[in-house]
Amino acid sequence: MKLQVPFVQLPLQFDAARLAQEIAQFDESDWRPHPLGYPGNTALPLIAVDGDANNDGFVGPMRATSYLARCPYIVEALASLGAVWGRTRLMRLSGQAEVEPHVDINYYWHERVRVHIPIRTQPGVRFICGEGEVNMAPGECWIFDTWREHRVINAHDDMRVHLVADTVGSEAFWQIANAGRAHGHKTPAGWAQSMLHPQPGRENRTDALQYESVNSPIVMTPWEARAHVSFLFAEAAPQPQLDAAHAAAMRFLGRWQALWAQYGEAQAGWPEYRRTLDTFSDELREYALGILLRNGVNLNRVLNSMVIRMALADRPLALAEQAVESVEASAELRYIRSRAGADPSFERPVFVLSAPRSGSTLLFETLAQAANAYTIGDESHVLIESIPELHPAARGYASNRLDADAATPNVTIALRAAFRAALRDRAQRPAPAGPLRMLEKTPKNALRVPFLAQIFPEAHFVYLYRDVRQVLASMIEAWNSGRFSTYPKLPGWTGLPWSLLLTPGWRELDGRPLHDVVAAQWQATTRTLLDDLAMLPANRVHVARYDTLIADPSAQIARLCNALGFVWDKPLVAHLPLSRYTLSDPDPDKWRRHAADIDAVLPALADTIARAEQFATR
-11 MKLQVPFVQL
-1 PLQFDAARLA
9 QEIAQFDESD
19 WRPHPLGYPG
29 NTALPLIAVD
39 GDANNDGFVG
49 PMRATSYLAR
59 CPYIVEALAS
69 LGAVWGRTRL
79 MRLSGQAEVE
89 PHVDINYYWH
99 ERVRVHIPIR
109 TQPGVRFICG
119 EGEVNMAPGE
129 CWIFDTWREH
139 RVINAHDDMR
149 VHLVADTVGS
159 EAFWQIANAG
169 RAHGHKTPAG
179 WAQSMLHPQP
189 GRENRTDALQ
199 YESVNSPIVM
209 TPWEARAHVS
219 FLFAEAAPQP
229 QLDAAHAAAM
239 RFLGRWQALW
249 AQYGEAQAGW
259 PEYRRTLDTF
269 SDELREYALG
279 ILLRNGVNLN
289 RVLNSMVIRM
299 ALADRPLALA
309 EQAVESVEAS
319 AELRYIRSRA
329 GADPSFERPV
339 FVLSAPRSGS
349 TLLFETLAQA
359 ANAYTIGDES
369 HVLIESIPEL
379 HPAARGYASN
389 RLDADAATPN
399 VTIALRAAFR
409 AALRDRAQRP
419 APAGPLRMLE
429 KTPKNALRVP
439 FLAQIFPEAH
449 FVYLYRDVRQ
459 VLASMIEAWN
469 SGRFSTYPKL
479 PGWTGLPWSL
489 LLTPGWRELD
499 GRPLHDVVAA
509 QWQATTRTLL
519 DDLAMLPANR
529 VHVARYDTLI
539 ADPSAQIARL
549 CNALGFVWDK
559 PLVAHLPLSR
569 YTLSDPDPDK
579 WRRHAADIDA
589 VLPALADTIA
599 RAEQFATR
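Under our numbering, the sequence shown has 317 at position 329, and the numbering climbs by one with no breaks.
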């Protein structure tokens, strides 16, 4: 919640020793690592969705967990504030650790104030918010402006523990808050803290607290949508595109008001609501990508977080998205900027790259069975392009090409957090805290090597080569099947729905025969990929050949795992199973079904074929 000042101390004092006694009862196994694995950050849930301590989400009825039922004085402290409580946790910060600089742009936090009651702390703990800085003493009670960039630095060797509670408040709560004192300003005359003494023997009545039951809309009312839009545009710094973006927002609000009048929350209107949101999202990509708010956050991103993703409950809001919206992870950003030390989250991530239909899915699905490999389970098209700045619409549908300049700080935070939250091992177990080995394969990434190398500075890349005749034949099948359509309504394209990756120069192919289109796709992809790989250190580039993988999978997987540092502990059968995207039974001569078309394009590809074959022999 945005406040007028960075910090306000409430006129309350709690018994820090009693609070410390209550938290001492919990075992180390009760504490949860940060959802994104940030070092030194752990939490113990006291109020969570449905009272489920394993649910770190924001949407749903908030209720006491079994942990809160063991903390009678914490319940008394919460009750004394008279608020309606949302997500509430004990939050630990290890010695010599920090909560990284971030701004809370999540929809949930926009209308909720965050209460901090220090339990275990030291003078060396610095809480910084905007231009303000405080050391919160044990037992004090504070609120702060989460809309400003804030961070915590624990320069002491001992652990810091706070009770951290989110609330929309109440009349009683705001009366207490209004009697607080703003840090850095003159203390009101007669200001004093009221001590809440523990009541020995009092029954722990968690059911006496007031909890959130509704915290997200089914269909956002036009009045709420207008309030969010008005707030955000008032926060925007003057920029040339601001008027156009504001006009797009006004068109959206007008459409939303009309749909609400017609349907309200009725499901019959949901398809129209969704189309309206998608239209607004597209217009924002056109007008709002370069607009920053005064707190340094991109306007487009916050509108997506507060309005577009929350205005209609026809899609679940994933915990990964919620984590991304908090704009945390600046420790990782500092690492990325400095390139000093080891990556705190991704240890030598591996990207399998090739022209489309080269067998990369087969290689990926096989390597994913390594004991220490973590994947998102499939290709990352949606994960990457759900970040507005990375969707090709943001670049006028030029292509899927992303260079290092696209790895802005906000994009870096978002993409690393989204990958981290989605990763699972071969048994579908979520990723643990700390650095891990990620394996990824997405055909479009063949055009994104500089971007990926910027986002993941320790990344290794595996180039998979396959006979171009087999690849072109498979690409023709893919286009004709309709199963690989990536941009079915590509502006300016009149042929079959555009399939596979979007290569530079695609507009020049409109009206050309399909075999010319796929040949141009293969050539543009291969040239770009080989150029980019040549710019990387040789020890970060590896080569695999499809023909040798098929002929001797055991030897080739062993070779790759040894080079990549993957742990292989399974026997391999003589013949690998078909990959999930196989269209017809493998046959090295299958390309001859399209021999005439392929022979027609091979001369124009000769130089690139020779270069790819030479690269594949390194």
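From the three backbone atoms N, C-alpha and C, an ideal C-beta is built for every residue, glycine too.
Using beta-carbon positions only, say whether residue i and residue j come within less than 7 Å of one another.
{"i": "L489", "j": "P344", "result": "yes"}
{"i": "A237", "j": "V207", "result": "no"}
{"i": "I443", "j": "T400", "result": "yes"}
{"i": "V529", "j": "L521", "result": "yes"}
{"i": "L272", "j": "N288", "result": "yes"}
{"i": "D455", "j": "W481", "result": "no"}
{"i": "V285", "j": "A213", "result": "no"}
{"i": "Y453", "j": "A588", "result": "no"}
{"i": "M79", "j": "A31", "result": "yes"}
{"i": "Q1", "j": "G127", "result": "yes"}
{"i": "I131", "j": "V156", "result": "no"}
{"i": "L518", "j": "F603", "result": "yes"}
Report all residues from its chain with a CB closer than 6 Å to the CB of residue i; omit the five preceding and five following residues, and keep chain order.
{"i": "D3", "result": "P186"}
{"i": "G70", "result": "S158, A160 and F161"}
{"i": "K429", "result": "V340, S348 and F352"}
{"i": "T175", "result": "R169"}
{"i": "L390", "result": "R436 and F439"}
{"i": "L378", "result": "I372"}
Quick check on the DSSP output: the beta strand (DSSP E) that includes residue i runs from which residue to which?
{"i": "V149", "result": "R148 to G157"}
{"i": "H138", "result": "H138 to N142"}
{"i": "Y475", "result": "S473 to Y475"}
{"i": "G74", "result": "V72 to L81"}
{"i": "C117", "result": "V113 to C117"}
{"i": "F132", "result": "W130 to F132"}
{"i": "I107", "result": "V101 to R108"}
{"i": "H185", "result": "Where H185 is concerned, there is no enclosing beta strand (DSSP E), given that its DSSP letter is neither H nor E."}
{"i": "V91", "result": "Unbroken run through V91: none, as it is neither H nor E."}
{"i": "A167", "result": "Careful: A167 lies outside any beta strand (DSSP E) and carries neither H nor E."}
{"i": "M50", "result": "M50 to A52"}
{"i": "M426", "result": "R425 to K429"}
{"i": "H530", "result": "V529 to R533"}
{"i": "V122", "result": "G120 to V122"}
Please classify residue i as buried or exposed, where buried requires at least 16 other C-beta atoms within 10 Å of its C-beta.
{"i": "A153", "result": "buried"}
{"i": "T396", "result": "exposed"}
{"i": "R417", "result": "exposed"}
{"i": "L484", "result": "exposed"}
{"i": "G74", "result": "buried"}
{"i": "T555", "result": "Contrary to the premise, residue 555 reads as Val rather than Thr in this sequence. So V555 counts as exposed."}
{"i": "Q511", "result": "buried"}
{"i": "D133", "result": "buried"}
{"i": "L460", "result": "buried"}
{"i": "D413", "result": "buried"}
{"i": "N166", "result": "exposed"}
{"i": "N203", "result": "buried"}
{"i": "L34", "result": "buried"}
{"i": "P559", "result": "exposed"}
{"i": "H173", "result": "exposed"}
{"i": "W579", "result": "buried"}
Could you give the first and the last residue of the continuous alpha helix (DSSP H) run that contains residue i?
{"i": "F221", "result": "P210 to E223"}
{"i": "W258", "result": "W258 to Y275"}
{"i": "A67", "result": "P60 to S68"}
{"i": "P591", "result": "A583 to F603"}
{"i": "V285", "result": "Segment: none, V285 is in no alpha helix (DSSP H) and carries neither H nor E."}
{"i": "G242", "result": "L230 to Y251"}
{"i": "L548", "result": "P541 to L552"}
{"i": "H98", "result": "Y95 to H98"}
Starting from the C-beta of residue i, find all residues in its chain whose C-beta is less than 7 Å away, skip the five residues before and the five after it, and write them out in chain order.
{"i": "V87", "result": "N29, L81, R139 and V140"}
{"i": "G48", "result": "V37 and D38"}
{"i": "A67", "result": "A196 and L197"}
Enumerate in chain order the residues of its own chain whose CB-to-CB distance from residue i is below 8 Å, with the five nearest sequence positions on each side excluded.
{"i": "N388", "result": "P380, K432, L435, R436, L489, L490 and T491"}
{"i": "P479", "result": "Y385"}
{"i": "V312", "result": "Confidence is the limiting factor: at V312 the pLDDT is only 43, short of 50, which leaves the residue's position unreliable and the question unanswerable from this model."}
{"i": "N283", "result": "V91, W135, R136, E137 and E223"}
{"i": "L280", "result": "A224, A225, Q227, N286 and L287"}
{"i": "Q310", "result": "Only weak support exists for where Q310 lies, its pLDDT of 48 falling under 50; the coordinates are left without a value."}
Tell me whether residue i counts as near the ligand SAM, meaning its Cβ is closer than 6 Å to at least one heavy atom of that ligand.
{"i": "T482", "result": "As far as ligands go, the structure on display features none, and thus does not contain the ligand SAM."}
- Run through the region 438 to 510 for me and flag every whole beta strand (DSSP E) of 3 or more residues, listed as ranges in chain order. For secondary structure counted as the beta strand (DSSP E) over 3 or more consecutive residues, the region 438 to 510 holds these complete runs in sequence order: 448 to 453 and 473 to 475.
- Write down every uninterrupted run of the alpha helix (DSSP H) in the region 315 to 396 whose length is 4 residues or greater and which is fully enclosed by it, in chain order. Counting only runs of 4 or more, we get 318 to 326, 348 to 355 and 369 to 373.
- Message: Which complete beta strand (DSSP E) runs does the region -3 to 43 hold, if anything under 3 residues is left out?
- Response: 0 to 2 and 29 to 37
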